[in-house]
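Data first, discussion second: the structure below is written as structure tokens.
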Amino acid sequence: MVTSGLVVRSYSGYYYVDCAGIMITCKVKGHMKQKRFSLCTGDRVQLEVNPDKADEGMITAVLPRRNYLDRPTVANLDLLVITLALVQPDFSFLIADKLLVLAEAANIPVLLVLSKADLATEEQRETIASVYRKIGYETFVISSKTGEGIDALRRRLEGKVTAFGGPSGVGKSSALNAIQPGVLRTTGEISTKISRGKHTTRYTELIPFNGGYLADTPGFGNVMMENLESDLLPACFPEFRQFEATCKFSPCSHTHEPVCGVKDAVRENRIASSRYASYLSIRKELIENKARNRR
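Note that the UniProt record's numbering gives residue 197 to position 197 of the sequence shown, counting from 1, and the numbers run on in steps of one.
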């Protein structure tokens, strides 16, 4: 029988595929191995189910992807939830903006979660949230301690394939446990079952979560953007677009050019200075990375 399903986990050459609630353990059909193929957690696949063992099958094709992240490796996300604390640790505009660039470059819908709202002042909450809401990013201010914003966030994630990204200590675990108690215990149990040690390669897994899936993704702590070209970076800052028409040069780097609509917008506070500072920092990092790779 030929059917289709969602790859929720891979390990040691086996792929675990959810086919309408039935988990099928699969290997890859021989003709795919003879070609260069890419297969990862989150992929939608076609498979042939073993007629003698309904829980075993062979993957015959990978269906087209809507989006893809290389590090951590996951495909077809409905949402990337960028989570950062308002305080303790202090909010980092640069880390937030790096993660937003990562999502923009990969064409992944994104929302921003600002945690530990109970510890922040009203001014801190408004100052940070307004920067991103003005751009158009969906932004939730939450407190796992008081429950503020948790119900609204839970409703927003219902039925979605979601990954939470952000550095350690910002309240991701607390937020996840507030949204769906026990979800982190589930991820831990699965890790134990497949015997992952501290030196074992970490694989992205999709865990049942709020009517959809949560991508248990290693690697979001250190944002890797070495595959992004610096000349593509402006497109990852959506607020730049409305001002680029008045740039004298096209393309414009928005750095040294004498007539630049983006720089004018920064001076006039129509683009947040924190966002422009992040743009310059990320651009410098990309250029330096490229120069190092040429050596």
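Glycine included, every Cβ here is placed at the ideal spot set by N, Cα and C.
Query                                                                                                           : Result
Straight-line Cα distance separating residue 182 from residue 174                                               : 11 Å
Residue 124 - containing alpha helix (DSSP H), residue span                                                     : 122-135
DSSP beta-bridge partners of residue 85                                                                         : 115
The region 37-52 in contact with the region 64-77 per 3-pair CB rule at 8 Å                                     : yes
Option nearest residue 177 by Cα separation, candidates 153, 159 and 160                                        : 153
Integer Cβ distance of residue 113 from residue 82, believed to fall under 8 Å                                  : 7 Å
DSSP three-state assignment for residue 61, whether helix, strand or coil                                       : strand
Residue 25 versus residue 116 - alpha carbon distance                                                           : 40 Å
Proximity to residue 157 [Cα-Cα], best of 80, 242 and 271                                                       : 80
Residue from 160, 180 and 228 whose Cα sits closest to the Cα of residue 213                                    : 160
Cβ contact check for the region 284-291 and the region 229-246: 3 or more pairs under 8 Å                       : yes
Rounded Cβ spacing between residue 85 and residue 170 (contact assumed at less than 8 Å)                        : 4 Å
Whole-number beta carbon distance between residue 99 and residue 137, since they are thought to touch under 8 Å : Not quite, the Cβ-Cβ distance comes to about 11 Å (not below 8 Å), so this is no contact.
Residue 240 vs residue 262 beta-carbon contact at 9 Å                                                           : yes
Residue 253, DSSP secondary structure in three states                                                           : coil
Unbroken stretches of the beta strand (DSSP E), 3 residues or longer, contained in the region 3-42              : 14-19 and 22-28
Endpoints, alpha helix (DSSP H) assigned at residue 212                                                         : Run containing residue 212: none in the alpha helix (DSSP H); it sits in the beta strand (DSSP E), 212-216.
Spatial distance of residue 299 from residue 123 (CA atoms)                                                     : Outside the modelled stretch of the chain, which goes from 1 to 295, sits residue 299, for which no answer is possible.
Own chain, CB closer than 7 Å to residue 251, minus 5 neighbours either side, in chain order                    : 231
Cβ distance (whole Å) where residue 243 is taken to contact residue 272 below 8 Å                               : The pair is not a contact, with the Cβ atoms about 13 Å apart (cut-off 8 Å).
Where residue 282 falls: helix, strand or coil (DSSP)                                                           : helix
Distance, residue 150 Cα to residue 143 Cα                                                                      : 7 Å
Distance between residue 50 and residue 78 (C-alpha atoms, nearest Å)                                           : 31 Å
Closest by C-alpha distance to residue 72, when choosing among 215, 270 and 235                                 : 215
Simplified DSSP state of residue 77, which is helix, strand or coil                                             : coil
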